[in-house]
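A.B. asks: Its first residue numbered 0, the sequence shown is counted upward by one per residue in numbering that gives the first Met the number 0. Quick reminder that beta carbons are idealized off the backbone N, C-alpha and C, glycines included.
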Amino acid sequence: MTIELLLLRFHSDMVSVERLSENSAATYEECAKIFLNWLQGEQIKLASVNPQVLLSYLIWRRTEQKCDELTIAKDISGLRSLGSYLVRQGYWKENHAMLLERPKASRALPKVLSVEQVDRLLDSIDVSQPLGIRDRALYELIYSCGLRITEAASLQVSNLHLKERILIVHGKGDKERMVPFGEAAKARLVEYLNDVRPLLVGEKVVGEVFVNYKGEPMSRKGIWKNFKALEVKAGLHAKVHTLRHSFATHLLAGGMDLRSVQELLGHSDLATTTIYTHVDDRQLREGHREFFPGHRS
C-alpha cells in the first residue's frame, strides 16, 4: 500500500470512526505523513516498527528538524492515533506509540501591548460614525475590565452600573464577578448608550449592551472581525484577547497583588494568573509609573 493511500484511509477513519474534528484529523494526518516518509527514507518497514524506532524518530525530529516540545507533543498524539488505526487494521499487534510520554510543553507568554499601543489602537477608531462610537466604547471597556470576547458580547444592560462604574460579568462556568471600569470607559459608554444604541435598536427589546447595525446582539465573530480591521489601521499585531492580557499585565506592573488580579480576571486557579508575572520586565514597566494608568482611566 502506498503512503498516500494509507493516509487517505487513516484520515477517513479518524473522521468517520473516531469522530475527530476535521482540524484534528488533518493535524494527525500530517504527523503521520512525516513519520511514514521518515520510515521510507530509513528503509524501515511499517510492520517492523517498535518503541525504539519511534524514539529514534522523535530524536530525529528534535535534533535534526529542531522541533520544540509543543510540536513533539503533537507528534506523539498523532502517532498514538495512527497506532490505534494500525492495530485495528491488523498492521500492528499493539499500539507502540502508547508507550511514549508527551513532554510538558512550556506555556507561551501572552502577547502584551504597552499603554501607548493601546492608545494608538483605540485612537484609530473613527468616532465620527455611529458604529465607531460603539466600537470605541466596546474595546475601551474590554481593556478597562479585562473582558473575554464572549463576556463582552453577552454583557447585559441590566448588569451595567454606570454611576458606580461596575460591571457584573458572567464568565466561564457561568461564574459571576464584579469588575470596575475607568472614567474613560464610562464616558464612551454614556455616549454610545445615549446617542447610538437607541438608533440601532429602534423599537426592539435587546438585553445585550453591544448591538450591530441591525440592532441585534453583536456576535463574537463580529467583534473579532471589527478588531482585525483596527489592528491593520493602527499598524499593530494583536488580538481582542491581547487587550485582556494587557489589562492584567498593566495592573501587576502598577503594583496590584496577584490575588486581586485573579478576581478581576475571573480565574479559578491562581496559577493561570501567575503567567502574567513572567512577561518580559521591559514590557511590564514600559510607560508605567503609577498604578494602572490604563488608557486615561
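Could you check how far apart the C-beta atoms of E163 and H169 are, in whole angstroms? I think they sit under 8 Å.
C.D. replies: If you number the sequence shown from 1, residue 163 lands on position 164. If you number the sequence shown from 1, residue 169 lands on position 170. Between H169 and E163 the Cβ distance is about 18 Å, and since that is not below 8 Å, they are no contact.
A.B. asks: At a cut-off of 7 Å, would you count G131 as near the ligand PLP, judging by its Cβ distance to the nearest heavy atom?
C.D. replies: For the ligand PLP, the structure offers nothing, since it holds no ligand at all.
A.B. asks: Could you name the residues that DSSP lists as bridge partners for A39?
C.D. replies: Reading the sequence shown from its first residue, position 40 is the one you call residue 39. Checking the sequence, you will find Gln at residue 39 rather than Ala. According to DSSP, Q39 bridges with nothing at all.
A.B. asks: Is the separation between the beta-carbon of A136 and that of R187 shorter than 8 Å?
C.D. replies: Mapped onto the sequence shown, residue 136 falls at position 137. Mapped onto the sequence shown, residue 187 falls at position 188. Yes. Within cutoff.
A.B. asks: For a quick check, are the C-beta atoms of V239 and I148 less than 8 Å apart?
C.D. replies: Counting from 1 along the sequence shown, the entry for residue 239 is found at position 240. Counting from 1 along the sequence shown, the entry for residue 148 is found at position 149. In this structure, I148 lies closer than 8 Å to V239 by Cβ.
A.B. asks: Count the other CB atoms, across all protein chains shown, that sit within 10 Å of the CB of R87; report buried if there are 16 or more and exposed otherwise.
C.D. replies: By 1-based counting over the sequence shown, the position of residue 87 is 88. Flag for R87 reads exposed.
A.B. asks: Would you call the region 202 to 212 and the region 177 to 185 touching, i.e. three or more CB-CB distances under 8 Å?
C.D. replies: No, the region 202 to 212 is not in contact with the region 177 to 185.
A.B. asks: If I measure Cβ to Cβ from P109 and keep anything under 6 Å in the same chain, skipping five residues before and after, which residues do I get?
C.D. replies: By one-based count along the sequence shown, residue 109 stands at place 110. H244, listed in sequence order.
A.B. asks: Tell me the residue span of the alpha helix (DSSP H) that contains N230.
C.D. replies: As a first step, residue 230 is located in the sequence shown; it is residue number 231 there, counting from the start. Correcting the residue identity first, residue 230 is Glu in this sequence and not Asn. Start and end: R219 to A233.
A.B. asks: So for Q155, helix, strand or coil by DSSP?
C.D. replies: Taking the sequence shown and counting its residues from 1, one reaches residue 155 at position 156. DSSP places Q155 in strand when its eight states are reduced to three.
A.B. asks: Is it buried or exposed for V260, if we count other Cβ within 10 angstroms and need 16 for buried?
C.D. replies: Walking along the sequence shown from the start, residue 260 turns up at place 261. V260 is buried by the Cβ-count criterion.
A.B. asks: For the alpha helix (DSSP H) holding I303, just list the boundary residues, first then last.
C.D. replies: This structure leaves residue 303 out entirely; the chain is present only between 0 and 296.
A.B. asks: Can you tell which of I71, I165, E63 and L154 has the C-alpha that lies nearest to the C-alpha of V205?
C.D. replies: Stepping through the sequence shown from its first residue, residue 205 is reached at position 206. Taking only the C-alpha atoms, the option nearest V205 is L154.
A.B. asks: Q306 to V48, Cα distance in whole Å?
C.D. replies: The question about residue 306 has no answer, for the chain in this structure spans 0 to 296.
A.B. asks: Excluding five sequence neighbours on each side, which residues of the same chain lie with their C-beta closer than 8 Å to the C-beta of S23?
C.D. replies: Locating residue 23 in the sequence shown gives position 24, counting from the first residue. Excluding positions up to five away in sequence, the list reads M13.
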